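Enquirer: Mind looking over this structure? Questions follow.
Number of protein chains: 2
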Amino acid sequence: MEQSDAATRPRNGERKAPPTIYDIARLTGVSPSTVSRALNKPGRLNAQTERRIRDAAAELGYRINPMARALPTGKTGTLGLLVSDITNPVYFDLVRAAERVASETGMTIVFADSQESPELERATAERLQTSVDGLLLVGSRLEDHQIQELSSVKPLVVVNRLVEGIPAVIPDVRPGITTALERLREAGHRRIAYLAGPEASWMNGQRWQHAFEIAVQWDMSIVEIKSNAPTREGGAEAFGRVKAADVSAVLAYNDLVALGLLRECRDHGLDVPGRLSIVGFDDIFGADLPTPALTTIRMPLAALGELGIRRLLTEIDGGSSQNDAALPTAFVDRESIGPAA
Amino acid sequence: MEQSDAATRPRNGERKAPPTIYDIARLTGVSPSTVSRALNKPGRLNAQTERRIRDAAAELGYRINPMARALPTGKTGTLGLLVSDITNPVYFDLVRAAERVASETGMTIVFADSQESPELERATAERLQTSVDGLLLVGSRLEDHQIQELSSVKPLVVVNRLVEGIPAVIPDVRPGITTALERLREAGHRRIAYLAGPEASWMNGQRWQHAFEIAVQWDMSIVEIKSNAPTREGGAEAFGRVKAADVSAVLAYNDLVALGLLRECRDHGLDVPGRLSIVGFDDIFGADLPTPALTTIRMPLAALGELGIRRLLTEIDGGSSQNDAALPTAFVDRESIGPAA
DNA sequence: CACCGTTCGTCAATCGATTGCCATCGCCGA
DNA sequence: TCGGCGATGGCAATCGATTGACGAACGGTG
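Those protein sequence lines, which keep their order, are chains A and B.
Take the first sequence: its letter number 91 is residue 91 in the working numbering, and every next letter is one higher.
Basically the working numbering = 1-based index in the second sequence + 341.
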């Protein structure tokens, strides 16, 4: 490969130290404390002095040193965002929305994934806590008391989960599931299966529980089928169990497993939606790609991310302790539901 | 919604301050500096003293305050990762690999996206630079000189791009493109199109250039077709232009535009691969989902992320200035190539 | 017994910014 | 003329950890 030009590229020691408020103070002939006030207590100083200092700061290209500021104030200006699996497309919109809101308010986001491991999640959360002002836990796999412990050291908000005493932002899965089952019922389905997600997932519990209640209420039979992992592979591996269950439709924990199952059906020549109807959950990127396109239940992901961050922000200012209303989910009708065989 | 239990949840002021080395010092009867050495200069102290201090630290649940450490040392222990668009699935594996390597070495990653805007990218990069030890720019849309300026303030590595004097980690697109064009040629294609990506993308230039050279060398005609955005929408919008170009195959800048085009073909009843063959680029999540599954060229994304971080890390220690060899791409044969009409 | 070289631990300065408290100044009204 | 007040800006302590310089204690040696 090409050799980088070591002669012109600044090596570590050669980079000039960034200007500090002391440099500005010297340049303008005031004291450092005055500079500090000029820069973040507008109005506290004489207008001309403030102007002079701001100009000097601009001229020197001054940027505040967040570390130095964090020491006396205890505020780092960063928020931690912890998700269960970065490579799950479901987090796209959520992450992006969170990032947008955060940067609008001048915060920066530190971002980590726990790879579906509770141990790793706890360790990461603790590590992050030392350097952030607050933590947003999305789809946490921790136990309630662990989350409560984390919450006792720094502000913390959970998304897609409800924990006693912890501020939360959650979707309301009911409308989406209700409509989905309604359609299935209209299409003649009477025996359906729920293809489950991780047991440690609160969201999984919610989805199962509501599907169960509604199915029972409408006199449909419903069974729960385990999956090994909430991934495409997990969905594919469940194919045998789904077939054996003798149902005409399955509601999947998420689109990933639905997609895996769908593909496996195609590979085994099982017609979807002719012989089996499939409904996913989340409406992730790619759900509309296969043939048949996946019918699914859309999560308000961007809203979840945005509200999560806002809630965390107010939590950090010692704000309200009132949870917002749950955000509604919506049924997305595509091609993977058909009349019962 | 449920009311959080404000009585038990610690409000901001109530959270107890985390233990410091001073607390440990008091507890063990030594001075703070001794504690500092016990914790990060193993061997410098008497073994028993060190033990005693470590035990006390563990007992108090001591965690070092990264901000306080950053001040004297100038090292923040965090790395910045800047991508052009978080919602592009292409970054999945890269981000995850980067995150893994970073946390293995005890670094944390701050993560931001520039939403395809050079201005936003520059602003974000500058903002991040004040709080990280180094920056990884992935698919930067900045101009060379802007990148060089950024590099003069803190260590910086670019991925998917080559800039004079800047350490870089790049893929070698040649093998993948060569094989792809070979297959197209074997299938009888003589007139092909390149569906272009953003002009500010170095990677786009590479892909076009190599496709061009190889096509010319093999006596295939090749034209460049512009797209409005490197997204599925961008690909769909290019449908008319692709049809008008009278080619039998198109190589797309990335899988997103390929997927968009593919879907549009299906919606307009244009048979793929019967009447048009399509080859994507990147092999993102979902490329195998449609029917026909997208034939594409795989990027070594995880390796790019891992090497990028490693390179940045050695750069931060003032390490080598030698770029690694480019990582090879590979042709992924699926279903969207067929014999020329 | 005096001297010397290690070993171990403390002192104190330092990183960059914040902030409570105080000093000064000018101006006003009594 | 004096007291007082608001506006303005400086002083110095502080946040938590690091680190070079220094000193005390100790064991070994001639």
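All residues carry an ideal CB built from backbone N, CA and C; glycine is no exception.
Treat the numbers as computed from the prediction; the structure is a model and nothing was measured.
(1) For residue 655 of chain B, which of helix, strand or coil comes out of DSSP?
(2) Can you list, in chain order, the residues of its chain with a C-beta nearer than 6 Å to that of residue 623 of chain B? Leave out the 5 residues immediately preceding and following it.
(3) With 16 as the cutoff for other CB atoms within 10 Å, does residue 209 of chain A come out buried or exposed?
(4) Using a threshold of 8 Å, state whether the C-beta atoms of residue 543 of chain B and residue 503 of chain B are closer than that.
(5) Under the rule that 16 or more other beta-carbon atoms within 10 Å means buried, what is residue 421 of chain B, buried or exposed?
(6) Can at least three beta-carbon pairs, one atom from the stretch 403–419 of chain B and one from the stretch 119–136 of chain A, be found at a separation below 8 Å?
(7) Run through the stretch 46–77 of chain A for me and flag every whole beta strand (DSSP E) of 3 or more residues, listed as ranges in chain order.
(8) For residue 279 of chain A, count the other beta carbons within 10 Å of its own beta carbon; 16 or more makes it buried, fewer makes it exposed. Which is it?
(9) Hey, could you find the ends of the beta strand (DSSP E) residue 588 of chain B is sitting in?
(10) Between residue 98 of chain A and residue 655 of chain B, what straight-line distance do the alpha-carbon atoms span, to the nearest angstrom?
(11) So the beta strand (DSSP E) residue 576 of chain B belongs to, where does it begin and stop?
(12) For my contact list, residue 489 of chain B and residue 506 of chain B are in at a C-beta cut-off of 8 Å; report their separation, rounded to the angstrom.
(13) What is the DSSP secondary structure of residue 31 of chain A, reduced to helix, strand or coil?
(14) Chain A beta carbons: is any one of them nearer than 8 Å to that of residue 344 of chain B?
(15) Among B:636, B:635, B:629, B:580, which one has its Cα closest to the Cα of residue 609 of chain B?
(16) Look at the alpha carbon of residue 390 of chain B and the alpha carbon of residue 379 of chain B, and state the distance between them as a whole number of angstroms.
(17) Within the continuous beta strand (DSSP E) that includes residue 113 of chain A, where are the two ends?
(18) Am I right that residue 180 of chain A and residue 331 of chain A are in contact with their C-beta atoms under 8 Å? What's the rounded C-beta distance?
(19) Just the Cα atoms here: how many angstroms apart are residue 555 of chain B and residue 523 of chain B?
(20) In chain order, what residues of the stretch 88–102 of chain A put their CB closer than 8 Å to some CB of chain B?
(21) Please classify residue 154 of chain A as buried or exposed, where buried requires at least 16 neighbouring CB atoms within 10 angstroms.
(22) Ignore the nearest five residues each way along the sequence and tell me which others in residue 588 of chain B's own chain have a CB closer than 6 Å to its CB.
(23) On a Cα-Cα basis, can you pick out the residue from B:444, B:499, B:435 that is closest to residue 466 of chain B?
(24) In its own chain, which residues sit with a C-beta less than 8 Å from the C-beta of residue 106 of chain A, not counting the 5 before and 5 after it?
(25) By Cβ distance, which residues of its chain are closer than 8 Å to residue 364 of chain B, with the 5 residues on each side in sequence left out?
(26) Using 8 Å as the threshold, is the C-beta distance between residue 337 of chain A and residue 433 of chain B below it?
(27) Can you pull out the residues from the stretch 610–635 of chain B whose beta carbon lies closer than 7 Å to at least one beta carbon of chain A?
(28) Check distances from the C-beta atoms of the stretch 485–498 of chain B to those of chain A and list, in chain order, the residues that come in under 9 Å.
(29) Of all Cβ atoms in chain A, is any one closer than 8 Å to the Cβ of residue 602 of chain B?
(30) What is the residue span of the alpha helix (DSSP H) that residue 517 of chain B lies within?
(31) Pick helix, strand or coil for residue 631 of chain B, following the three-state DSSP scheme.
(32) By alpha-carbon positions, which one of B:512, B:425, B:548, B:607 ends up nearest to residue 463 of chain B?
(33) For residue 647 of chain B, is the classification buried or exposed, using 16 other Cβ atoms within 10 angstroms of its Cβ as the cut-off for buried?
(34) Within the continuous beta strand (DSSP E) that includes residue 193 of chain A, where are the two ends?
(35) Just tell me which of A:249, A:197, A:206, A:212 has its CA closest to the CA of residue 226 of chain A.
(36) Buried or exposed for residue 413 of chain B, please, with buried defined as at least 16 other CB atoms from any protein chain shown within 10 angstroms of its CB.
Expert: A quick look at the data gives this:
(1) helix
(2) 431, 595, 596, 640
(3) It is exposed - the Cβ of residue 209 of chain A has fewer than 16 other Cβ atoms within 10 Å.
(4) Residue 503 of chain B is positioned such that its CB atom lies closer than 8 Å to that of residue 543 of chain B.
(5) buried
(6) yes
(7) none
(8) buried
(9) No beta strand (DSSP E) contains residue 588 of chain B, which DSSP labels as neither H nor E.
(10) 31 Å
(11) No beta strand (DSSP E) contains residue 576 of chain B, which is instead part of the alpha helix (DSSP H) from 573–578.
(12) Indeed, because the Cβ distance is near 6 Å, the residues count as touching under 8 Å.
(13) coil
(14) Low local confidence applies: a pLDDT of 41 at residue 344 of chain B is under 50, so the model's placement there is unreliable, with the coordinate-based value given in what follows. Yes - at least one Cβ of chain A is within 8 Å of the one on residue 344 of chain B.
(15) B:580
(16) 8 Å
(17) 108–113
(18) Contact holds; Cβ gap of about 5 Å.
(19) 9 Å
(20) Within the stretch 88–102 of chain A, the residues whose Cβ lies closer than 8 Å to some Cβ of chain B are 89, 92, 93, 95, 96, 99, listed in chain order.
(21) Flag for residue 154 of chain A reads buried.
(22) 532, 533, 534
(23) B:499
(24) 77
(25) 401, 403
(26) no
(27) The residues in question are 626, 627, 630, 631, 632.
(28) 489, 492, 493, 494, 495, 496
(29) no
(30) Per DSSP, residue 517 of chain B belongs to the alpha helix (DSSP H) from 515–527.
(31) coil
(32) B:425
(33) It counts as buried.
(34) Here the beta strand (DSSP E) through residue 193 of chain A covers 191–195.
(35) A:197
(36) exposed
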